[in-house]
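K.L.:
Handing you a structure now.
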RNA sequence: GGCGCGGUCGCCAAGUGGUAAGGCAAGGGUCUGCAAAACCCUUAACGGCGGUUCGAUUCCGCCCCGCGCCUCCA
C-alpha cells in the first residue's frame, strides 16, 4: 500500500497523512445549513467527504467522524418566522430531506450527526473560556471575538489583515464592533426572534462557534482532519481556528481539506441563472442516484467540477459498463481452472486503485484502475481464456472498489422509490417482466418472430432492455 | 489588488523531463431470424510566446482565457 498523501490547506502542500493515534482518525466535516434543500454543489463536497471517509476505512483506520447540521442562522430564523414556525419545526423537513439525499447518494452516516441547537450549553462554555482569556468584548448584548488578540489569524486562508480597511463593503454589520473583521460569538436577540437564555445572556450563537464547540466535544482539542467547501476556508474555518486555539492553546486541526466548487455548464450555479439544482430536480428528470454519485465523485476534489447534463449521461453509461461487467462475471460460465497471469493482473488493479486514492484521493485514477481491469477481463472472456477459478478474485476486487465508490449495486429504482419518485417503469414488477420474457422466448422457439418482436417492443417502451446472449439466454435490465 | 483552482482528443478527465491513462461519444467489427444489448478494435489531444535542457505537455518567466474566495455561500 502506498503512503497516504493529503493536500493540507494549512501548509499549502500535499503531505503524508499520519493521524495522532495510530489506526484512528478523528475527522470533522462541515455539513449543511438546513434552511432549504441542499443543492448539487453541496453534495459535491459531501460526496468528497464520503470518499475520504470510505477510503480511510478501507485502509483500516477506525473512524471517529462528526458531521454537523447547522440548524440556527439568519436565514433559518427569517424563513421560520415567515412560515410561522419555530426553528426546530422549520428545519426538521430539511434535515430529513438531507438524510434522504445522503441515502440516495450512498453517503455513509458518520459516527455522530450533531445539531447546533442541541449544543448551546457547549458553545456557552467555550465562549466563557474565551471571555476568561480576554479574547472577547461585549457590544449591545452581543459578544465579539477580538481578532487582533490572536497573532496567527489568517494562517489558513493566507489573508493578510494589515491591508484590510473597514470599508463600505466590509463594515456592514449593524452591531458595534471594534474592528471590521471581528466576528460575533454570541448575538443579542432582535425583537421577536428566537433566543436562548444563558449564563452569558440571552441570544443565539454566532455561526462559527458551533463547529468549534461540537468538534472538540466529540473529538478532543486537536482533530486529525477538518473539511468543507473551499468557500468555508474563509472566514468560517479561519474563525474556528481563532476561537478554538485561543481557548485551548493547541492546534485545532492538523489537516484541513477543502473541496473546490462545482460549476454548471461552465457558469457559477445560482438561482438567478436558472442552473440551480437539487437532487430532487435531477431525479425528477430521470437521472439515477448512482450516476450522480459517480459524476460528483470522479473528478478529483481539488478541481472545479463542471457539472453538465452531458456529463451526467456519461456517468450513467460509465456505471452501466461497470455493472454489465459485474453481471457478466456473475452469470458467465467459464472453463474450470485459473488463467495464467490473471492473478497478477488483478493485483495490478489493486495497486493502481490504491495508488490513485492514496495520492490525495485521486478518484479519476482509481476509477481508471477498475476500467482497465474490466477491459482486460472482457478481452479474456471474449477469447475464451477466462477461467472460473478467477471469478471470485475479480469479484473481490470489484467489491473492494465499491467500498469506496459505491455505485455497483443495482438499486437505483429502489432508492428513487424510497424517495417518492416512481420511475416510468416502476409499474412493471420483476415477475411480470420475467413472464413476458418467457412468452417471447416461447414465440422465438416457434419462429413466431412477429409476436417475439411485439413483446420486445412492448418491454422497450416500458424501459426494459433485453439482452439476447449467444447461448440463447436472455438477460433484462431496466433502463 | 491579495490568495487559490484550472486551460490535455468532439465531451469529461488522468499523467509524465524522452512524444500521453481511463470514461462517454463517433466509426468499424463480433454476436443475432432481424434488431437491440453486450463485448472488442480504431481514430484523434497537451492555450500562446520565450527560457533551461541532448530533449518539455511535464521545470522557470511572461502573456492570454475560464472560475472561485477576500464576513455568514459547499
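In the working numbering, the protein residues as written are 3 to 481. Even for Gly, the Cβ is constructed at its ideal location relative to N, Cα and C. Since the structure is predicted, the reported quantities are computational estimates derived from the model, not experimental observations.
1. For residue 318, count neighbouring Cβ atoms within 10 angstroms of its own Cβ and tell me buried if that reaches 16, exposed if not.
2. Measuring only the C-alpha atoms, how far is residue 192 from residue 277?
3. Excluding sequence positions up to five away, which residues of its chain have a Cβ less than 6 Å from the Cβ of residue 260?
4. Classify residue 48 as buried or exposed, calling it buried when 16 or more other Cβ atoms lie within 10 Å of its own Cβ.
5. Distance check for residue 355 and residue 407, CA to CA, integer angstroms please.
6. Using the C-alpha atoms, what's the distance from residue 32 back to residue 230?
7. What three-state label does DSSP hand residue 123 in the structure shown?
8. Closest to residue 294 by C-alpha separation, out of 410, 477, 475, 445, would be which residue?
9. Locate the alpha helix (DSSP H) running through residue 116, then write down its first and last residues.
10. In its own chain, which residues sit with a C-beta less than 8 Å from the C-beta of residue 402, not counting the 5 before and 5 after it?
11. Determine contact between the segment 301-308 and the segment 360-369, defined as no fewer than three beta-carbon pairs at a distance below 8 Å.
12. Quick one: using the 10 Å Cβ neighbour count with 16 as the cut-off for buried, is residue 3 buried or exposed?
13. Could you please give the first and the last residue of the uninterrupted beta strand (DSSP E) stretch that includes residue 227?
14. What are the boundary residues of the alpha helix (DSSP H) that includes residue 389?
15. Where do the ends of the alpha helix (DSSP H) carrying residue 329 lie?
16. For residue 139, which three-state DSSP category applies?
17. What three-state label does DSSP hand residue 146 in the structure shown?
18. Compute the Euclidean distance between the alpha carbons of residue 90 and residue 223, then round it to the nearest angstrom.
19. Tell me, please, whether the segment 262-273 touches the segment 54-70 by the rule of three or more beta-carbon pairs shorter than 8 Å.
20. Under a three-way DSSP split, which group does residue 304 fall into?
21. For residue 72, is the classification buried or exposed, using 16 other Cβ atoms within 10 angstroms of its Cβ as the cut-off for buried?
22. DSSP on residue 10, reduced to helix/strand/coil?
23. To the nearest angstrom, how far is the alpha carbon of residue 457 from that of residue 43?
24. If you run the structure through DSSP and keep just helix, strand and coil, what is residue 277?
25. If you reduce the DSSP assignment to three classes, tell me which class residue 75 lands in.
26. If you measure between the beta carbons of residue 283 and residue 27, is that distance less than 7 Å?
27. For residue 357, which three-state DSSP category applies?
28. Is it buried or exposed for residue 245, if we count other Cβ within 10 angstroms and need 16 for buried?
29. Leaving out five residues on either side along the sequence, give the residues of the same chain with a beta carbon under 8 Å from the beta carbon of residue 98.
30. Can you list, in chain order, the residues of its chain whose CB lies under 6 Å from that of residue 117, leaving out five sequence neighbours each side?
31. Suppose contacts are defined by Cβ-Cβ distances below 7 Å. Is residue 20 in contact with residue 96 by that definition?
32. What three-state label does DSSP hand residue 490 in the structure shown?
33. Starting from the Cα of residue 323, find the closest Cα among 78, 374, 105 and give me that residue.
34. Kindly indicate which residue of 241, 450, 312, 314 has the alpha-carbon position closest to the one of residue 155.
35. Should residue 112 go down as buried or exposed, given a rule of 16 or more other Cβ atoms within 10 Å for buried?
36. Report yes if the C-beta distance between residue 92 and residue 82 is below 7 Å; otherwise report no.
P.N.:
In terms of the structure at hand:
1. Here residue 318 corresponds to residue number 316 of the first chain, with the count starting at 1. The residue is buried, with at least 16 neighbouring Cβ atoms inside 10 Å.
2. On the first chain, position 190 is the one that residue 192 refers to. On the first chain, position 275 is the one that residue 277 refers to. Answer to the nearest angstrom: the Cα atoms are 35 Å apart.
3. What you label residue 260 is simply residue 258 of the first chain in a count that begins at 1. Hits under 6 Å: 11, 232, 235.
4. Locating residue 48 in the first chain gives position 46, where the first residue counts as 1. Counting every other CB atom within 10 Å of its CB across the protein chains shown gives residue 48 a total of 16 or more, marking it as buried.
5. Taking the first chain and counting its residues from 1, one reaches residue 407 at position 405. Taking the first chain and counting its residues from 1, one reaches residue 355 at position 353. Cα to Cα, residue 407 sits roughly 11 Å from residue 355.
6. Counted from its first residue, the first chain places residue 230 at position 228. Counted from its first residue, the first chain places residue 32 at position 30. Put simply, the backbone Cα of residue 230 is about 5 Å away from that of residue 32.
7. For the purposes of this step, residue 123 is taken as residue 121 along the first chain, with counting starting at 1. Looking at residue 123 - three-state DSSP - the assignment turns out to be helix.
8. In the first chain, the residue the question calls residue 294 occupies position 292. Out of 410, 477, 475, 445, 410 has the C-alpha closest to the C-alpha of residue 294.
9. As a working mapping, residue 116 is identified with position 114 in the first chain. Per DSSP, residue 116 belongs to no alpha helix (DSSP H); it is in the beta strand (DSSP E), 114-117.
10. Stepping through the first chain from its first residue, residue 402 is reached at position 400. Excluding sequence positions up to five before and after residue 402, its CB lies within less than 8 Å of the CB of 60, 352, 355, all in the same chain and listed in chain order.
11. Yes: the two stretches touch, three or more of their Cβ pairs being nearer than 8 Å.
12. By 1-based counting over the first chain, the position of residue 3 is 1. The C-beta of residue 3 has fewer than 16 other C-beta atoms within 10 Å across all chains shown, which makes the residue exposed.
13. Here residue 227 is taken as the residue at index 225 of the first chain, counted from 1. If you look at residue 227, you'll find it in the beta strand (DSSP E) that goes 225-231.
14. Here residue 389 refers to the residue found at position 387 of the first chain. Annotation: residue 389 is outside any alpha helix (DSSP H) and is labelled neither H nor E by DSSP.
15. For the purposes of this step, residue 329 is taken as residue 327 along the first chain, with counting starting at 1. Per DSSP, residue 329 belongs to the alpha helix (DSSP H) from 311-333.
16. In the first chain, counting from the first residue as 1, residue 139 sits at position 137. Annotated three-state conformation of residue 139 is strand, per DSSP.
17. One-based indexing of the first chain puts residue 146 at position 144. Note: residue 146 maps to strand in three-state DSSP.
18. The residue given as residue 90 occupies position 88 in the first chain. The residue given as residue 223 occupies position 221 in the first chain. Approximately 29 Å, taken between the alpha carbons.
19. No: the two stretches stay apart, fewer than three of their Cβ pairs being nearer than 8 Å.
20. For the purposes of this step, residue 304 is taken as the residue at position 302 of the first chain. Residue state for residue 304 is assigned as coil, using DSSP reduced to three classes.
21. Working through the first chain from its first residue, we reach residue 72 at position 70. Classification for residue 72: buried.
22. Walking along the first chain from the start, residue 10 turns up at place 8. Judged by DSSP in its simplified three-state form, residue 10 adopts strand.
23. By one-based count along the first chain, residue 457 stands at place 455. By one-based count along the first chain, residue 43 stands at place 41. Cα to Cα, the separation comes out at about 42 Å.
24. Along the first chain, read from residue 1 onward, the residue named residue 277 stands at position 275. Here DSSP, grouped into helix, strand and coil, assigns residue 277 to coil.
25. As a first step, residue 75 is located in the first chain; it is residue number 73 there, counting from the start. In the three-state reduction of the DSSP assignment, residue 75 falls in the coil class.
26. One-based indexing of the first chain puts residue 283 at position 281. One-based indexing of the first chain puts residue 27 at position 25. Residue 283 places its beta carbon 7 Å or farther from that of residue 27.
27. For the purposes of this step, residue 357 is taken as residue 355 along the first chain, with counting starting at 1. Three-state result, residue 357: helix.
28. To locate residue 245, count along the first chain from 1; it is residue 243. So residue 245 ends up on the buried side.
29. Translated into the one-based positions of the first chain, residue 98 becomes position 96. Taken in chain order, the list of residues that qualify is empty.
30. Within the first chain, residue 117 is the residue found at index 115, counting from 1. Beyond the five residues adjoining it in sequence on each side, residue 117 comes within less than 6 Å, by CB distance, of 71, 73 in the same chain, given in chain order.
31. Here residue 20 corresponds to residue number 18 of the first chain, with the count starting at 1. Here residue 96 corresponds to residue number 94 of the first chain, with the count starting at 1. No.
32. As displayed, the chain neither begins before 3 nor continues past 481, which places residue 490 out of reach and without an answer.
33. The count along the first chain starts at 1 and reaches residue 323 at position 321. Cα-wise, what sits closest to residue 323 is 374.
34. Mapped onto the first chain, residue 155 falls at position 153. The residue with the shortest Cα to Cα distance from residue 155 is 241.
35. Residue 112 sits at position 110 when you count from the first residue of the first chain. Per the 10 Å Cβ criterion, buried.
36. On the first chain, position 90 is the one that residue 92 refers to. On the first chain, position 80 is the one that residue 82 refers to. Between residue 92 and residue 82, the gap from beta carbon to beta carbon is short of 7 Å.
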